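One structure below.
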Amino acid sequence: MALSGMRGLSVFISDVRNCQNKEQERLRVDKELGNVRTRFKNEKGLSPYEKKKYVWKMLYIYMLGYDVDFGHMEAVSLISAPKYPEKQVGYIVTACLLNENHDFLRLAINTVRNDIIGRNETFQCLALTLVGNIGGREFAESLAADVQKLLISSSCRPLVRKKAALCLLRLYRKNPDVVNVDGWADRMAQLLDERDLGVLTSSMSLLVALVSNNHEAYWSCLPKCVKTLERLARNQDIPQEYTYYGIPSPWLQVKTMRALQYFPTVEDPNTRRSLFEVLQRILMGTDVVKNVNKNNASHAVLFEALALVMHLDAEKEMMSQCVALLGKFIAVREPNIRYLGLENMTRMLMVTDVQDIIKRHQAQIITSLKDPDISIRRRALDLLYGMCDVSNAKDIVEELLQYLSSADFAMREELSLKAAILAEKFAPDLSWYVDVILQLIDKAGDFVSDDIWFRVVQFVTNNEDLQSYAAAKAREYLNKPAIHETMVKVSAYILGEYGHLLARRPGYSPKELFTIIHEKHPTVSTSTIPILLSSYAKILMHTQPPEPELQNQIWTIFNKYESCIDVEIQQRAAEYFALSRKGASLMDILAEMPKFPERQSALIRKAEDAEVDTAEQSAIKLRAQQQMSTALVVTDQRPPNGMPAQPSIGPLSLVKVPSETVDSQNPGDQGLTHPNGVVYKEDPQPPSQDIIGDLLGTLSIEGPPGAVAQSPQSATYEAEGAPSAADAAALVPVGEESGSVQPIGNINERFYALCLKDSGVLYEDPNIQIGIKAEWRAHQGRLVLFLGNKNTASLGSVQALILPPTHLKMELSLVPETIPPRAQVQCPLEVMNLRPSRDVAVLDFSYKFGPTMVNVKLRLPAVLNKFLQPITVSPEEFFPQWRSLSGPPLKLQEVVRGVRPLPLPEMANLFNTYRLTVCPGLDPNPNNLVASTTFYSETTRAMLCLVSSQLFIESSTL
Amino acid sequence: MIRFILLQNRQGKTRLAKYYVPLEDSEKHKVEYEVHRLVVNRDPKFTNFVEFRTHKVIYRRYAGLFFSLCVDITDNELAYLECIHLFVEILDHFFSNVCELDLVFNFHKVLVYLILDEFILAGELQETSKRAIIERMGELEKLE
Chain A
1 MALSGMRGLS VFISDVRNCQ NKEQERLRVD KELGNVRTRF KNEKGLSPYE
51 KKKYVWKMLY IYMLGYDVDF GHMEAVSLIS APKYPEKQVG YIVTACLLNE
101 NHDFLRLAIN TVRNDIIGRN ETFQCLALTL VGNIGGREFA ESLAADVQKL
151 LISSSCRPLV RKKAALCLLR LYRKNPDVVN VDGWADRMAQ LLDERDLGVL
201 TSSMSLLVAL VSNNHEAYWS CLPKCVKTLE RLARNQDIPQ EYTYYGIPSP
251 WLQVKTMRAL QYFPTVEDPN TRRSLFEVLQ RILMGTDVVK NVNKNNASHA
301 VLFEALALVM HLDAEKEMMS QCVALLGKFI AVREPNIRYL GLENMTRMLM
351 VTDVQDIIKR HQAQIITSLK DPDISIRRRA LDLLYGMCDV SNAKDIVEEL
401 LQYLSSADFA MREELSLKAA ILAEKFAPDL SWYVDVILQL IDKAGDFVSD
451 DIWFRVVQFV TNNEDLQSYA AAKAREYLNK PAIHETMVKV SAYILGEYGH
501 LLARRPGYSP KELFTIIHEK HPTVSTSTIP ILLSSYAKIL MHTQPPEPEL
551 QNQIWTIFNK YESCIDVEIQ QRAAEYFALS RKGASLMDIL AEMPKFPERQ
601 SALIRKAEDA EVDTAEQSAI KLRAQQQMST ALVVTDQRPP NGMPAQPSIG
651 PLSLVKVPSE TVDSQNPGDQ GLTHPNGVVY KEDPQPPSQD IIGDLLGTLS
701 IEGPPGAVAQ SPQSATYEAE GAPSAADAAA LVPVGEESGS VQPIGNINER
751 FYALCLKDSG VLYEDPNIQI GIKAEWRAHQ GRLVLFLGNK NTASLGSVQA
801 LILPPTHLKM ELSLVPETIP PRAQVQCPLE VMNLRPSRDV AVLDFSYKFG
851 PTMVNVKLRL PAVLNKFLQP ITVSPEEFFP QWRSLSGPPL KLQEVVRGVR
901 PLPLPEMANL FNTYRLTVCP GLDPNPNNLV ASTTFYSETT RAMLCLVSSQ
951 LFIESSTL
Chain B
1 MIRFILLQNR QGKTRLAKYY VPLEDSEKHK VEYEVHRLVV NRDPKFTNFV
51 EFRTHKVIYR RYAGLFFSLC VDITDNELAY LECIHLFVEI LDHFFSNVCE
101 LDLVFNFHKV LVYLILDEFI LAGELQETSK RAIIERMGEL EKLE
């Protein structure tokens, strides 16, 4: 092709290949480079053909790994050659040798632009390819408009347009302002009608980038994406050349589903239905086949579909299909699929409430933590980290510790950070936490960052119960012959502060403590010396009456360091020396460290801030950020005491939550049996989001930002307060605010969410989180209240009182009066339904934190629909039963006028979530919906309930 | 998005490199060295994915050649894995069972670069129809 007949180059390539060793090769290459350099320098009138020869040789040498620091100019100048063969080489070599930051490239902008707007299609393609591959900001600003024209031009061949689409994508990534949203959104939608699948594939990539920044502007693209996906998944009208091992372009399918993940929801019911049908088809219809390529391609589509289903927070049934599939994948032998199973299970944890099901796979996941392939081990670690909670923290953290000793170096830092965070977030008791961290330092000291040991010191300082335990542990580790320097630091610090608490035990006298710490002194670096000096000063201060011998020993050390070159050490030595001669006043100055203010764990923040660099923001991250954005951080407390410098430990100690308006009205109606009960369907976020964030944040010192943050829906809630009152959608006054402690999240929404599901958070404030888990059988129920203390101090005067309505019999087991720091208490609550009623039980909950008394009244989700059990009836049963019920009170009818009816599929969904079985086809009229269920109470026993909803379109009377 | 594509032999010689992100030469050498080390010793029974700095490398070995794509953490792994295979199938069409020597001795034929530029642009897939690419190559040949 272009360079055929270039004998010189062929000879050169052969020569290089025949070189016996690296040295010979270098000599040969240097000779050639010298030759090329002289040609470029001396022969001003080099013909384009000759230039091409040399430039191409340069590229070959460059590919061999040699530096080529000249000739860029010649390569760029070939771009303006009039003939194709030279121009082509100019473009190709420039794209390989240069990048967007090279000055030479700027010189070419005009030539490139002329090729783009010119008539020669071949030149257009070359130019678009160059700009698409290495164009920078300047290219974006001067070429974007021309590229857009080509993309929508009707006279260009698909060949040019697909290049233009991706070229524009590059320019948009360099500078998003070059695409004007107003003008472009419609054009983008039109592009999705494209017949040519090459152009469509490229355009879909462009769309992904656009929607990831601004989904609102591109709403009109959503139904078109669904259509495209439908067409592909059903293999309708797809040319043979675009199928890959029988699968209609898996890449376009994947891209299309990726684009769909950036739209928060699919509102139009028809589009939603079509989309779910397609997804269902993919989920159920993907089989494992022998051919590797076919298998990979179909599973690429399947995993993208899983991601989309998770994003859409689909119906329960579909979600459990996803979990079941993933459960299957993480157990298969095929490594790629197992890897993806683990990866996607971790993603699933981030979006939905499936922790319990995933926990069943814990043993399987731990097996993968020991897989020979590091890629799989990493995914297993991520998943274990994500699925950890109070119930399995001990097991998981111990697995991680055990694995730490044999783990690759590449993984140790991450592993120890994760173990430390889990131990902190979910410790059943604090002494266990201390054990874990000390073990971590012992086993992998090199990989334990300062943050980790700072944090354990904070805990010990803030918890008196823990201090002597920690001191004893520290002493134990110091007995070991060789310990890591971090261990020396933490032990010296703790023993200096709290060693005196154990002074009566054998081996803990000041002298003995000093000796055992000082033994490590010769092995440590300058960063540890200041800590040792402080520790000695404290030991000295605690030695009452003074022991002259010890005093002399320590003074000698201070003396020695008074002339140390390190300023910090010098200052400490000089000051401690002077202070320790002051006798009693020393006691005040060197008294115990004050407590640290509560603050977000720097570790947790560190884990959250982990750097990710992707072309488009991940859809999951985007959602998490949207939820955080409304938090107001109002204080910025600096730590008052002198821990070793810790600038990274940040504030976020108090998050002020906008106060809620509480509507009080008609306490009888719960809005549950009322279709208008769904007042929040306009919400940008499904309410469950927040709750999951909270669940994941259980018992963190202060919840992760996701949990503390006020999610946007509460703002919407306030705005909607008035209309919902008009709807009589029933909000009962609860959740009074008391004292200065503000609830986190919206209490009402939490209650509503729990009316529809059986586990979640009922209440949360900065001190406590109350979670609920419920099981219902016929007219009985068993709820467990999880009371989690989020603080490092105890909560006292805890009282939980149930105020049951007359129709419910409720028994709450004993609630302890104090909840220890960061502990979680479980209180079972038995419920029995005596007779039908719409009244609600209330939990009157109070506790004392410091001087503040907090009291809240919370509605409990033991509501009517929890005592329903779905049942299917046949037409033969339904209609006779229906007719036999003559009228009130057994049969009630209500006509709701003047409302926009809920679309039927949504109505059916709503019925199903209330545990009313929709019986399709029972009523011949498609506008009617018939449902049945059984209601259980002690007096009525099982009682069949029938519902018929009929839709009348009234003709306008005017 | 594809950050870069590398074709390397078992000794770590780079036979083709295409970068879609701006890297300095010294950085490119480092990347090529690291990627080679990362993939060359992996057991064939392992996954085809491996983390690389803040990204991941999707790779596949064909005889003595490693094809590696560096993509975003959030990208669909299997889709890119099959993208490598499709590329190999296209190369096979021109070299009938492509091998390392083809890439070396046909270097001056530009062919591999031209094919790649028709296949991937701006770090994204441009064309997935083998026929479309083969036809396009035919057109370009006529321009000589």
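These protein sequence lines are chains A and B, in that order.
Taking UniProt numbering, the leading residue of the first sequence gets 1, the next gets one more, and so forth.
Taking UniProt numbering, the leading residue of the second sequence gets 1, the next gets one more, and so forth.
Every residue, glycine too, gets a C-beta built ideally from N, C-alpha and C.
Small disclaimer: the values here were computed from a predicted structure and weren't measured.
First through last residue of the alpha helix (DSSP H) which encompasses residue i
{"i": "K443(A)", "result": "430–444"}
{"i": "W251(A)", "result": "250–260"}
{"i": "C125(A)", "result": "121–134"}
{"i": "V35(B)", "result": "25–40"}
{"i": "T201(A)", "result": "197–213"}
{"i": "L105(A)", "result": "103–107"}
Beta-carbon neighbours of residue i, restricted to chain A and to distances below 7 Å
{"i": "N48(B)", "result": "N336"}
{"i": "H85(B)", "result": "N293"}
Closer than 9 Å to chain B by CB, residue i
{"i": "A127(A)", "result": "no"}
{"i": "P372(A)", "result": "yes"}
{"i": "H299(A)", "result": "yes"}
{"i": "C19(A)", "result": "no"}
Closer than 8 Å: residue i CB and nearest the ligand ZN heavy atom
{"i": "K174(A)", "result": "Ligands are entirely absent from the displayed structure, and the ligand ZN is therefore not among its contents."}
Chain A contact residues for residue i, given Cβ-Cβ distances below 8 Å
{"i": "R131(B)", "result": "E241"}
{"i": "C70(B)", "result": "None at all; the shortest Cβ gap to chain A is about 11 Å."}
{"i": "Q126(B)", "result": "K162, K163, L166, G198, T201, S202"}
{"i": "R136(B)", "result": "L159"}
{"i": "K142(B)", "result": "Neighbours of K142(B) on chain A: none; closest Cβ ~10 Å, over 8 Å."}
Boundaries (first-last residue) of the beta strand (DSSP E) holding residue i
{"i": "Y477(A)", "result": "Element bounds for Y477(A): not the beta strand (DSSP E) but the alpha helix (DSSP H), 464–479."}
{"i": "M810(A)", "result": "808–812"}
{"i": "F935(A)", "result": "929–937"}
{"i": "E775(A)", "result": "768–777"}
{"i": "N336(A)", "result": "Not the beta strand (DSSP E): N336(A) falls in the alpha helix (DSSP H), residues 335–351."}
{"i": "A800(A)", "result": "796–803"}
{"i": "A145(A)", "result": "Taken as a continuous stretch (DSSP letters only), A145(A) belongs to no beta strand (DSSP E), being part of the alpha helix (DSSP H) at 137–152."}
{"i": "I79(A)", "result": "Taken as a continuous stretch (DSSP letters only), I79(A) belongs to no beta strand (DSSP E), as it is neither H nor E."}
Closer than 9 Å to chain A by CB, residue i
{"i": "Y62(B)", "result": "no"}
{"i": "K39(B)", "result": "For the sequence presented, residue 39(B) should be read as Val rather than Lys. Chain A, which has no Cβ nearer than 9 Å to the Cβ of V39(B), makes this no."}
{"i": "D117(B)", "result": "yes"}
{"i": "D102(B)", "result": "no"}
{"i": "K30(B)", "result": "no"}
{"i": "R10(B)", "result": "no"}
Nonlocal neighbours in the same chain, by C-beta distance under 7 Å from residue i, ignoring five residues either side
{"i": "L495(A)", "result": "A471, A474, R475, L513, I517, S535"}
{"i": "E906(A)", "result": "P269"}
Close-in-space but distant-in-sequence residues of the same chain around residue i (CB under 6 Å, 5 per side omitted)
{"i": "V678(A)", "result": "Bear in mind that a pLDDT of 32 at V678(A), under 50, signals an unreliable position, so the number given afterwards is only what the model happens to contain. Hits under 6 Å: none found."}
{"i": "K848(A)", "result": "G796, S797"}
{"i": "D839(A)", "result": "P805"}
{"i": "N110(A)", "result": "none"}
Neighbouring residues, chain B, relative to residue i (Cβ below 7 Å)
{"i": "T614(A)", "result": "D72, I73, T74"}
{"i": "F303(A)", "result": "N76, L78"}
{"i": "residue 969(A)", "result": "Within the shown structure, residues of chain A are numbered from 1 to 958, placing residue 969(A) beyond reach of any answer."}
{"i": "D67(A)", "result": "D25"}
Chain E contact residues for residue i, given Cβ-Cβ distances below 8 Å
{"i": "L340(A)", "result": "Reference to chain E is not applicable here, since the protein chains of this structure are A and B."}
Partner residues on chain A for residue i, Cβ-Cβ distance less than 9 Å
{"i": "D92(B)", "result": "None at all; the shortest Cβ gap to chain A is about 13 Å."}
Closer than 8 Å is the cut-off here; do at least three beta carbon pairs connect the stretch 213–230 of chain A with the stretch 249–258 of chain A? yes
So, do the stretch 788–808 of chain A and the stretch 868–879 of chain A have three or more beta carbon pairs nearer to each other than 8 Å? no
On the three-pair Cβ rule with 8 Å, is the stretch 79–87 of chain B touching the stretch 207–226 of chain A? no
Contact between the stretch 753–768 of chain A and the stretch 840–856 of chain A is defined here as three or more beta-carbon pairs at a separation below 8 Å; is this criterion met? yes
Are the stretch 123–143 of chain A and the stretch 81–96 of chain A in contact at 8 Å, needing three or more beta carbon pairs? yes
For the stretch 231–241 of chain A against the stretch 47–64 of chain B, are there 3 or more C-beta pairs whose distance is under 8 Å? no
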